[in-house]
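Read the structure below first, then the notes.
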Amino acid sequence: MKKTFKITTPEGLHARPSALLVTAVTPFECDVLLTYNDKSVNLKSIMGVMALGILPGSIVAISAEGADADKLIQTVSDIMITKGIGEEC
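When the letters of the sequence shown are read in order and numbered with full-length UniProt numbering, they come out as residues 1 to 89.
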């Protein structure tokens with residue numbers, strides 16, 4: 001399962017929103033990737049997410065595979081929207 005988001009925070013995907021996302025997806029069993037500019041990192045890794053240097057207005061894709069992938073993608077969507085991190089594309 002895959003969903004695309006536009007990052008709307010003025011600072012981009014900096015430490016606080018990255019930590020919110022990583023913390024939210026860590027309990028899930030499925031594999032989850034964040035893809036930006038043809039580079040993919042494990043969304044469960046704060047260092048991997050921060051290393052991408054995602055700027056405001058950037059388009060990112062979240063993809064998940066596994067038994068609880070649907071629930072994980074819904075959780076990411078909820079956090080992106082309610083915390084003002086991004087919007088669905």
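The C-beta atom is built at its ideal place from N, Cα and C for all residues, glycine as well.
Counting only the Cα atoms, I62 lies some 8 Å from F5. Three or more Cβ pairs closer than 8 Å define a contact, and the region 65-72 falls short of that threshold against the region 12-21. In the three-state reduction of the DSSP assignment, T9 falls in the coil class. Between S18 and I46, the C-beta gap is smaller than 8 Å, which places the two residues in contact.
Between the alpha carbons of P27 and Y36 lies a gap of roughly 23 Å.
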